[in-house]
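So the protein sequences, as listed, match chains A and B. Per the working numbering, the first sequence starts with residue 1, numbered consecutively. Per the working numbering, the second sequence starts with residue 1, numbered consecutively. These notes concern the structure reproduced below.
2 protein chains.
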Amino acid sequence: MGLGSEAGKNKRHRDRETGTLGKLVSLLDFVALADGPMRFTDILSLSDQPRGTLHRQLSHLVEEGLLEVDRDGRYRIGLRLLTLASRSWARNEFRAIAEPHLHRLQEVTGETVHLGVLRGAEVIYLDKVEGQQSVRMYSQVGNASPAYCTGVGKAALSVLDDAELTERISGLEYRPYTEHTLRSPSELLSDISQIRARGYAFDLEEHENGICCVAAPIRSDDGHMLAGVSVTGPAYRVTQQRLQAWAPRVVVAADSIMMDMRNRMGPKR
Amino acid sequence: MGLGSEAGKNKRHRDRETGTLGKLVSLLDFVALADGPMRFTDILSLSDQPRGTLHRQLSHLVEEGLLEVDRDGRYRIGLRLLTLASRSWARNEFRAIAEPHLHRLQEVTGETVHLGVLRGAEVIYLDKVEGQQSVRMYSQVGNASPAYCTGVGKAALSVLDDAELTERISGLEYRPYTEHTLRSPSELLSDISQIRARGYAFDLEEHENGICCVAAPIRSDDGHMLAGVSVTGPAYRVTQQRLQAWAPRVVVAADSIMMDMRNRMGPKR
DNA sequence: AAATTACGTTCCGAATAATGGAACTTTTCA
DNA sequence: TGAAAAGTTCCATTATTCGGAACGTAATTT
């Protein structure tokens, strides 16, 4: 499945998925990614399925509450997905362990704090604690962003060994979100070697113009779970000096989360 | 599928769902509802599936990112669900239209504001705007609660005609969450007739001890989408007088949301 | 208003995927 | 180390999905 397809609005839905579930989830994804609710024909024209097949697939998804269809025949994502996701989010151990530390970090800095985990070459934000006077950012819980242009992502990548790092960041499309976005593996590798040296990462308007952050890595004992914490704010308020000053705090928060994980989830993980 | 099964911890997973998708989603739901991550054998013992079948089903769910399995063989909900849900939440028209009104209401009252939609006899919370000094409540976006014991739920029910109302609230289990929870259809109907008369609903510690709210209904022009807005807070701070005083504001917010829907989504809906 | 077209739904033989018992491998524990 | 439990793979059987075509219905045109 081709991810990172925020550009590919008119992407056709013809992933050749294996298995019944794969096809249906891919269809679900397709409807979820669309700009708005789609009518049957809209989906059909972007799909390689015959009418009958598509109709039955959509019906099944609706039957399970994964999709909803209004009286105008427009399909959109169903609320069951939201319920399912929220329940699992609330019970997520890692998030729960990290939460108090995120709040503490938020209070100390006054800016927005993020918790994200690395999945492949993407960061998925697991939690977010906003400051009072927070500027609206294009970020939210559950949002997936490329690792190479986010503080949390680069921090998490930095703890990988060279072999796996190279594997993960090769074959990516280095989309220039801003003029500061890193544009190649070599630029990323060079940044990461700095991150390794100092123990924390910066994002200086690399993902979104006017937004900066400082982030520190978190990893489970077995090294199989990679994550990061960050403090983020608007560039006019969050100068590089302030980021620098916060860095030790962010690292302490990350380390505390790791300690708590060790204690609460058993050591050999 | 029996919802509201917070009591049914040891519920077996043997819904006889129809179709491949139904079985898999039911399994997904089962794992999501569990108290914590489950190992293969745990699921097997609570399932009526043969080992081979269950193993393959779980593998398929993992393959699609709907479940994740750690090195100890423990299954939990995958992050893909969170990503999918968050994306659709962000793009939800209704939520987006309501958002500014929710914030305004929050600022006026200083307390937490909820937006919820009615699905059957349950309310699913679509959005929540917290006050600064907010007490942690058992409520969150995506959470599903029985309509009969929540302000939003009762408000939404109140705009139904008697026939559909009776149909929806019959056959429910009236679980007494607190000593103030309504315990029967007749109690609910009597409350609802009052709500109809005054145009807004109260929840006086009916769902959670120490939590009160006032709520007003929202419905689309065709009456097929029922929802509600509420202002919620701790009983020691939120007296019945204050609720009463806020009621007109809540009703105005609800009506404004309806107006905006009419304008933004076309009238005949 | 009648005819036409587009849209959505249902049907059923053929093709495909899921089932589940058993054999097999790996891990755990005494 | 041996034995039991846990987890995985295999494959003939069974059930489900596929998809073309026929059918009904609403929107549009003449």
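From the three backbone atoms N, C-alpha and C, an ideal C-beta is built for every residue, glycine too. Note that this is a predicted model, so its numbers are computed, not measured.
So the candidates are the options; which of them puts its Cα closest to the Cα of residue i?
i: B:Leu204; options: B:Gln194, B:Thr83 and B:Thr239; result: B:Thr239
i: A:Phe202; options: A:Gly131, A:Gly233 and A:Asp221; result: A:Gly233
i: B:Leu67; options: B:His55, B:Arg56 and B:Arg80; result: B:Arg80
i: B:Val229; options: B:Asn209, B:Arg39, B:Met261 and B:Val251; result: B:Val251
i: A:Arg91; options: B:Gly36, B:Val31 and B:Ser190; result: B:Gly36
i: B:Leu46; options: B:Glu164, B:Phe30, B:Gly199 and B:Gly116; result: B:Phe30
i: B:Leu61; options: A:Glu130, A:Leu21 and A:Leu102; result: A:Leu21
i: B:Gly210; options: B:Thr181, B:Glu173, B:Ala247 and B:Val123; result: B:Thr181
i: B:Ala219; options: B:Asp70, B:Leu115, B:Val69 and B:Arg168; result: Looking at the sequence itself, residue 219 of chain B is Arg, so the reference to Ala does not match. Per the Cα distances, B:Leu115.
i: B:Thr178; options: B:Asp191, B:Glu206 and B:Arg237; result: B:Glu206
i: A:Gly142; options: A:Leu126, A:Glu130 and A:Val152; result: A:Leu126
i: B:Asp221; options: B:Leu102, B:Ile43, B:Arg262 and B:Ala247; result: B:Arg262
i: A:Gly281; options: A:Gly223, A:Leu33, A:Leu54 and A:Arg237; result: This structure cannot settle anything about residue 281 of chain A, because the visible part of chain A is limited to 1 through 269.
i: A:Arg71; options: A:His103, A:Leu84 and A:Met38; result: A:Met38
i: B:Gly19; options: A:Leu54, A:Leu33, A:Leu82 and A:Glu64; result: A:Glu64
i: B:Ala227; options: B:Leu82, B:Leu160, B:Val69 and B:Glu17; result: B:Leu160
i: B:Ser189; options: B:Ser170, B:Pro176 and B:Arg175; result: Note that residue 189 of chain B is Leu in the sequence shown, not Ser. Out of B:Ser170, B:Pro176 and B:Arg175, B:Ser170 has the C-alpha closest to the C-alpha of B:Leu189.
i: B:Thr83; options: A:Gln140, A:Gly199 and A:Val113; result: A:Gln140
i: A:Arg175; options: A:Asp162, A:Arg104 and A:Glu208; result: A:Glu208
i: A:Ile121; options: A:Gln49, A:Glu167, A:Glu93 and A:Ala163; result: For the record, residue 121 of chain A in the displayed sequence is Ala; it is not Ile. With distances taken between Cα atoms, A:Ala121 lies closest to A:Glu167.
i: A:His101; options: A:Arg249, A:Val152 and A:Ile195; result: A:Arg249
i: A:Ile192; options: A:Leu165, A:Leu172 and A:Glu173; result: A:Leu165
Run through chain B and tell me which residues come within less than 8 Å of residue i, C-beta to C-beta.
i: A:Val293; result: As shown, chain A starts at 1 and ends at 269. That puts residue 293 of chain A outside it, with no answer to give.
i: A:Val25; result: Glu64 and Leu66
I want to verify the contact list: residues of chain A whose CB lies under 9 Å from the CB of residue i, in sequence order.
i: B:Gln132; result: Gln132
i: B:Val22; result: Before going on, a small fix: residue 22 of chain B reads as Gly here, not Val. Under the 9 Å cutoff, chain A gives His60, Glu63 and Glu64.
i: B:Ile77; result: Leu84, Ala85, Arg87, Ser88, Trp89, Arg91 and Asn92
Going along chain A in order, which residues have a C-beta closer than 8 Å to the C-beta of residue i?
i: B:Arg219; result: In chain order: nothing, as chain A lies at least about 14 Å away.
i: B:Asp222; result: Arg71
Kindly indicate the opening and closing residues of the beta strand (DSSP E) around residue i.
i: A:Glu63; result: Counting along the chain, A:Glu63 falls outside any beta strand (DSSP E), though it belongs to the alpha helix (DSSP H) covering Arg51 to Glu63.
i: B:Arg74; result: Arg74 to Ile77
i: B:Ala34; result: Unbroken run through B:Ala34: none, as it is neither H nor E.
i: B:Gly116; result: Thr112 to Arg119
i: B:Ala215; result: Ile211 to Arg219
i: B:Ser145; result: Ala144 to Pro146
i: B:Glu68; result: Leu67 to Val69
i: A:Val129; result: Glu122 to Val129
i: A:Leu157; result: That residue, A:Leu157, is in no beta strand (DSSP E); its alpha helix (DSSP H) goes Gly151 to Ser158.
i: B:Leu162; result: Residue 162 of chain B is actually Asp in this sequence, not Leu. Here B:Asp162 belongs to no beta strand (DSSP E); instead the alpha helix (DSSP H) covers Asp162 to Ile169.
i: A:Leu204; result: Ala201 to Leu204
Could you list which residues in chain B have their beta carbon closer than 9 Å to that of residue i, in chain order?
i: A:Gly153; result: By Cβ distance, chain B contributes nothing, its closest Cβ being about 14 Å from A:Gly153, past 9 Å.
i: A:Gly19; result: Thr20, His60, Glu63 and Glu64
i: A:Asp161; result: Neighbours of A:Asp161 on chain B: none; closest Cβ ~18 Å, over 9 Å.
Just to make sure I have the definition right: I need the residues of chain A whose C-beta is within less than 7 Å of the C-beta of residue i. Which are they?
i: B:Ala245; result: Going along chain A, no residue has its Cβ under 7 Å from B:Ala245, so there is no contact; the nearest lies around 26 Å.
i: B:Ala144; result: Thr83
List the endpoints of the continuous alpha helix (DSSP H) containing residue i.
i: B:Gly233; result: First-last for B:Gly233: Leu226 to Pro234, but that is the beta strand (DSSP E), not the alpha helix (DSSP H).
i: B:Pro248; result: Gln240 to Met265
i: B:Val108; result: Glu93 to Thr109
i: B:Asp222; result: Run containing B:Asp222: none; DSSP gives neither H nor E here.
i: A:Leu188; result: Pro185 to Arg198
Does the contact criterion of 3 or more C-beta pairs under 8 Å hold for the stretch 95 to 108 of chain B versus the stretch 246 to 266 of chain B? Because the criterion of three Cβ pairs below 8 Å is met, the stretch 95 to 108 of chain B and the stretch 246 to 266 of chain B touch.
Taking beta-carbon pairs under 8 Å, can you tell me which members of the stretch 100 to 125 of chain B lie near chain A? Within the stretch 100 to 125 of chain B, the qualifying residues are Val117, Arg119 and Ile124.
Could you run through the stretch 28 to 43 of chain A and flag, in chain order, every residue whose CB is less than 9 Å away from some CB of chain B? Only those residues of the stretch 28 to 43 of chain A whose C-beta falls short of 9 Å from the nearest C-beta of chain B are listed: Leu28, Asp29, Val31, Ala32, Leu33, Ala34, Asp35, Gly36 and Pro37.
For the structure I just gave you, are there three or more beta carbon pairs, one from the stretch 142 to 160 of chain A and one from the stretch 185 to 193 of chain A, closer than 8 Å? Two segments are said to touch when three or more pairs of C-beta atoms, one from each, lie closer than 8 Å; by this definition the stretch 142 to 160 of chain A touches the stretch 185 to 193 of chain A.
Any 3 or more C-beta pairs closer than 8 Å across the stretch 209 to 224 of chain B and the stretch 151 to 171 of chain B: The stretch 209 to 224 of chain B makes contact with the stretch 151 to 171 of chain B: 3 or more CB pairs, one atom from each, lie closer than 8 Å.
The stretch 105 to 114 of chain B touching the stretch 70 to 89 of chain B, judged by at least three CB pairs closer than 8 Å: At 8 Å Cβ cutoff, the stretches do not touch.
Give the residues from the stretch 194 to 212 of chain B that approach chain A closer than 9 Å (Cβ to any Cβ), ordered along the chain. The residues in question: there are none.
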